[in-house]
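*Asks:* This is the structure I have questions about; it appears just below.
Residue numbers (my numbering), protein chains in the order written: chain R, 1 to 311; chain P, 312 to 622.
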């Protein structure tokens with residue numbers, strides 16, 4: 001199969017074998033925002049047309065490609081939802097294979113004129129006080145670790161620009177909350193007065209730890225944020241430490257707000273940001289289980305295996 | 312006397328009579344950021360040179376004019392501090408009166424070549440956990456209402472881009488905290504994804520009330536912020552209501568974080584923002600006393616009266 005993780009700013013395609021193992025990966029900056037005139041089919045053909053011509057099917061996609069700004073809107077499925085509900089709500093797109101732009105075709109797939117792919121829906125969730133929340137893409141990552149989690153209750157964190165915290169019970173996503181932490185960090189650094197006392201520098205673990213610890217003080221986040229400036233003016237933190245201190249304050253606030261009564265949680269993701277969440281959790285003495293970064297391909301593989309009914 | 316409120320983006324000069332009443336007011340956009348080549352004396356002469364030539368003295372200034380980016384840095388005074396400590400830490404700037412650019416001089420002040428003015432210092436405060444905080448300008452507004460407050464303990468809120476909450480005991484400022492609420496609102500509206508579902512519109516009281524109420528829910532500010540987008544996607548709030556909803560969430564979080572165990576507080580300021588804080592406080596059933604907007608001229612007048620010692 002071909003697994004496609006198609007977000008706002010990037011496109012990742014994976015070729016999976018029959019056991020769900022990734023045999024080949026390609027990545028580009030062709031996120032949905034950079035696709036003009038709705039040329040999604042052509043963009044996908046450019047990324048993986050040779051795999052399709054070689055007969056690799058089915059194609060299953062997740063992420064913002066299913067949003068109103070994407071290829072086709074795949075309506076949100078309402079929580080609680082597990083693999084069956086999400087698989088049966090996928091929507092199908094089809095297009096003509098671009099014979100003219102392809103290299104001379106010599107394989108047996110010459111006759112194939114129409115190609116199609118599946119887009120996973122997002123999830124929506126109504127909180128206890130009636131406030132809505134949505135995710136699109138992360139639900140597939142969660143599907144990817146459901147087997148590993150097994151039955152019972154679990155809490156899952158997916159760090160990101162908009163990080164997601166989901167509750168899972170017996171292999172179904174029961175509810176979730178989004179935290180704007182990553183985007184708030186970026187806009188404060190780039191556009192607020194806090195950026196004026198920030199210099200580029202390597203991650204400063206000591207400043208990050210101070211920030212996470214600060215998040216436990218009274219006064220609240222809006223007050224703690226100003227401390228990034230006041231501490232710089234007082235010479236308590238250096239310009240090269242300020243960004244790490246701010247990051248610690250924000251992630252500390254998120255971790256504290258998202259884990260009341262929680263004894264441990266699962267972290268899904270890879271790279272620097274996930275490492276920061278794991279570090280923050282260790283400072284707060286919250287045990288974490290970090291899952292490998294192939295959750296999205298495992299989730300898309302699980303969806304592909306559940307396609308039989310509506311393919 | 313001449314009272315000067317000189318901030319980052321605006322300059323306000325007031326002519327006060329011997330009883331401290333404002334007889335004339337002028338305002339311009341000549342904030343310290345728009346003054347080039349350190350031409351502060353010339354800018355002040357342009358704003359109030361005729362008052363000075365007419366013999367109105369002394370001149371007392373407050374605000375960012377005393378910062379490192381201003382005319383001369385007036386070092387922070389440490390809390391606790393009252394009128395005597397702040398008055399005695401004022402610093403003096405002097406300059407030559409610009410005879411060439413002035414109209415033909417006919418008053419008795421012809422001989423006066425050198426003019427001088429006083430700059431009020433800012434305040435700094437070390438919180439319980441050793442985190443620093445600073446204010447510059449608001450301390451003079453607090454001085455302006457100290458007489459009205461009288462002895463005893465009081466809590467004061469000064470709404471603004473960086474709003475200040477100060478504790479006062481027996482006419483001395485004992486501690487304070489800054490909240491970045493106003494700036495966070497502005498950068499999220501202008502630079503984050505939340506701005507994409509916001510349309511210009513009048514203030515929407517119902518959405519603001521929903522935001523203040525939302526701030527009491529579990530999940531924390533970083534989660535509640537994302538709700539501005541999710542609620543818009545769900546059609547629960549209209550694009551014209553989004554900004555008011557966001558404003559309510561932020562002010563609600565500030566009010567809740569800044570008033571634990573507080574039965575009432577004093578609001579100092581005028582205009583729309585102060586009205587929003589009063590509305591937010593009423594939703595949270597926090598009684599407020601709103602003080603008139605002339606706190607800054609009353610504070611500068613009090614400082615002028617305490618100049619005798621070091622003038």
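Built from N, CA and C at the ideal position, the CB exists for glycine as well.
Closer than 7 Å by beta-carbon distance: list the chain R residues that pair up with residue 530 (chain P), in chain order.
*Replies:* Under the 7 Å cutoff, chain R gives 177, 257.
*Asks:* Of all Cβ atoms in chain R, is any one closer than 8 Å to the Cβ of residue 357 (chain P)?
*Replies:* For residue 357 (chain P), the answer is no, since every Cβ of chain R falls outside 8 Å of its Cβ.
*Asks:* Please return the same chain residues whose Cβ sits closer than 7 Å to the Cβ of residue 462 (chain P), not counting the five positions on each side in sequence.
*Replies:* Excluding sequence neighbours, residue 462 (chain P) sits near 481, 482.
*Asks:* Please list, in chain order, all residues of the same chain as residue 44 (chain R) whose beta carbon is under 6 Å from its beta carbon, the five residues on each side excluded.
*Replies:* Around residue 44 (chain R): no qualifying Cβ.
*Asks:* What separation, rounded to the nearest whole angstrom, lies between the Cα atoms of residue 599 (chain P) and residue 8 (chain R)?
*Replies:* For residue 599 (chain P) and residue 8 (chain R), the distance between alpha carbons rounds to 46 Å.
*Asks:* Which runs of the alpha helix (DSSP H), 4 residues or longer, sit entirely within the region 361-441 of chain P?
*Replies:* Correct list: 394-399.
*Asks:* Between residue 592 (chain P) and chain R, is any beta-carbon pair separated by less than 8 Å?
*Replies:* No, because no Cβ of chain R sits closer than 8 Å to the Cβ of residue 592 (chain P).
*Asks:* For my contact list, residue 295 (chain R) and residue 268 (chain R) are in at a C-beta cut-off of 8 Å; report their separation, rounded to the angstrom.
*Replies:* At roughly 5 Å, the Cβ-Cβ gap stays under 8 Å, so residue 295 (chain R) and residue 268 (chain R) are in contact.
*Asks:* Nearest chain R C-beta to residue 318 (chain P) closer than 8 Å, yes or no?
*Replies:* Judged by the 8 Å Cβ criterion, residue 318 (chain P) is not in contact with chain R.
*Asks:* When the cut-off is 8 Å and only beta carbons count, does residue 260 (chain R) lie next to chain P?
*Replies:* Closer than 8 Å: yes.
*Asks:* Between residue 482 (chain P) and chain R, is the shortest Cβ-Cβ distance under 8 Å, so that the two count as touching?
*Replies:* Not one chain R Cβ lies under 8 Å of residue 482 (chain P).
*Asks:* With 9 Å as the C-beta to C-beta threshold (strictly closer), list the residues of the region 497-518 of chain P near chain R in chain order.
*Replies:* Within the region 497-518 of chain P, the qualifying residues are 497, 498, 499, 501, 502, 503, 504, 505.
*Asks:* Please confirm whether residue 226 (chain R) has its beta-carbon closer than 8 Å to some beta-carbon of chain P.
*Replies:* Yes, because at least one Cβ of chain P sits closer than 8 Å to the Cβ of residue 226 (chain R).
*Asks:* Indicate the three-state DSSP secondary structure (helix, strand or coil) for residue 353 (chain P) in the structure shown.
*Replies:* Reduced to three states, the DSSP call for residue 353 (chain P) is helix.
*Asks:* Pick out whichever of P:584, P:372, P:592 has its Cα sitting closest to the Cα of residue 573 (chain P).
*Replies:* Looking at the Cα atoms, P:592 is the closest of the given residues.
*Asks:* Buried or exposed: where does residue 24 (chain R) fall if 16 or more other Cβ atoms within 10 Å of its Cβ makes it buried?
*Replies:* It counts as exposed.
*Asks:* Taking the alpha carbon of residue 563 (chain P) as the reference point, which residue from P:590, P:439, P:486 has its own alpha carbon closest?
*Replies:* Checked all of P:590, P:439, P:486; the closest Cα to residue 563 (chain P) is P:590.
*Asks:* Between P:565, P:378, P:496, P:614, which has its C-alpha nearest residue 263 (chain P)'s C-alpha?
*Replies:* Nothing in the structure corresponds to residue 263 (chain P), since chain P is present only between 312 and 622.
*Asks:* Taking the beta carbon of residue 115 (chain R) as the centre, do at least 16 other beta carbons fall within 10 Å, making it buried, or is it exposed?
*Replies:* The residue in question, residue 115 (chain R), is buried, as its Cβ has 16 or more Cβ neighbours within 10 Å.
*Asks:* Output the distance between the C-alpha atoms of residue 441 (chain P) and residue 285 (chain R), rounded to the nearest integer angstrom.
*Replies:* Each residue's alpha carbon lies about 23 Å from the other.
*Asks:* Looking at C-alpha atoms only, which residue of P:361, P:424, P:532 is the closest neighbour of residue 180 (chain R)?
*Replies:* Closest option to residue 180 (chain R), Cα to Cα, is P:532.
*Asks:* With a cut-off of 8 Å, does the C-beta of residue 298 (chain R) fall near any C-beta of chain P?
*Replies:* Not closer than 8 Å to any Cβ of chain P, the Cβ of residue 298 (chain R) fails to qualify, so no.
*Asks:* Are residue 177 (chain R) and residue 258 (chain R) touching if we call contact CB-CB under 8 Å?
*Replies:* Their beta carbons are under 8 Å apart, which means residue 177 (chain R) touches residue 258 (chain R) by this criterion.
*Asks:* Using 8 Å as the cut-off, can you tell me whether the region 218-234 of chain R makes contact with the region 133-141 of chain R, which would need three or more C-beta pairs spanning the two stretches below that distance?
*Replies:* No contact exists between the region 218-234 of chain R and the region 133-141 of chain R.
*Asks:* From R:274, R:275, R:126, R:216, pick the residue whose C-alpha is nearest to that of residue 78 (chain R); which is it?
*Replies:* If we check each option's Cα against that of residue 78 (chain R), R:126 comes out closest.
*Asks:* Suppose the cutoff is 6 Å on Cβ atoms and the five residues either side in sequence are ignored; what does the same chain contact list for residue 559 (chain P) look like?
*Replies:* Excluding positions up to five away in sequence, the list reads 519, 522, 523.
*Asks:* Is the separation between the beta-carbon of residue 472 (chain P) and that of residue 493 (chain P) shorter than 8 Å?
*Replies:* Yes, the Cβ-Cβ distance between residue 472 (chain P) and residue 493 (chain P) is below 8 Å.
*Asks:* Tell me which residues share the same chain as residue 323 (chain P) and place their Cβ nearer than 6 Å to its Cβ, disregarding the 5 neighbours each side in the sequence.
*Replies:* Result list for residue 323 (chain P): 316, 338, in chain order.
*Asks:* In the DSSP assignment, the beta strand (DSSP E) including residue 539 (chain P) goes from what residue to what residue?
*Replies:* Residue 539 (chain P) -> not in any beta strand (DSSP E); alpha helix (DSSP H) instead, spanning 532-544.
*Asks:* Residues of chain R with CB under 8 Å from residue 444 (chain P), in chain order?
*Replies:* In chain order: 226, 227, 230.
*Asks:* Determine the extent of the beta strand (DSSP E) in which residue 174 (chain R) is found, giving its start and end residues.
*Replies:* 172-179 is the span of the beta strand (DSSP E), which, as asked, contains residue 174 (chain R).
*Asks:* Suppose you measure from the CA of residue 307 (chain R) to the CA of residue 51 (chain R); what does that come to, to the nearest Å?
*Replies:* Residue 307 (chain R) and residue 51 (chain R): Cα-Cα distance of roughly 20 Å.
*Asks:* Between which residues of its own chain and residue 19 (chain R) is the CB-CB distance below 6 Å, once the five residues before and five after are set aside?
*Replies:* Excluding positions up to five away in sequence, the list is empty.
*Asks:* Using the C-alpha atoms, what's the distance from residue 429 (chain P) back to residue 394 (chain P)?
*Replies:* Distance between the alpha carbons of residue 394 (chain P) and residue 429 (chain P) is about 15 Å.
*Asks:* Determine the direct distance from the alpha carbon of residue 495 (chain P) to that of residue 219 (chain R), and round the result to whole angstroms.
*Replies:* So the alpha carbons of these two residues sit roughly 16 Å apart.
*Asks:* Could you check the C-alpha separation between residue 95 (chain R) and residue 47 (chain R) for me, to the nearest Å?
*Replies:* Straight-line Cα distance between these residues: approximately 15 Å.
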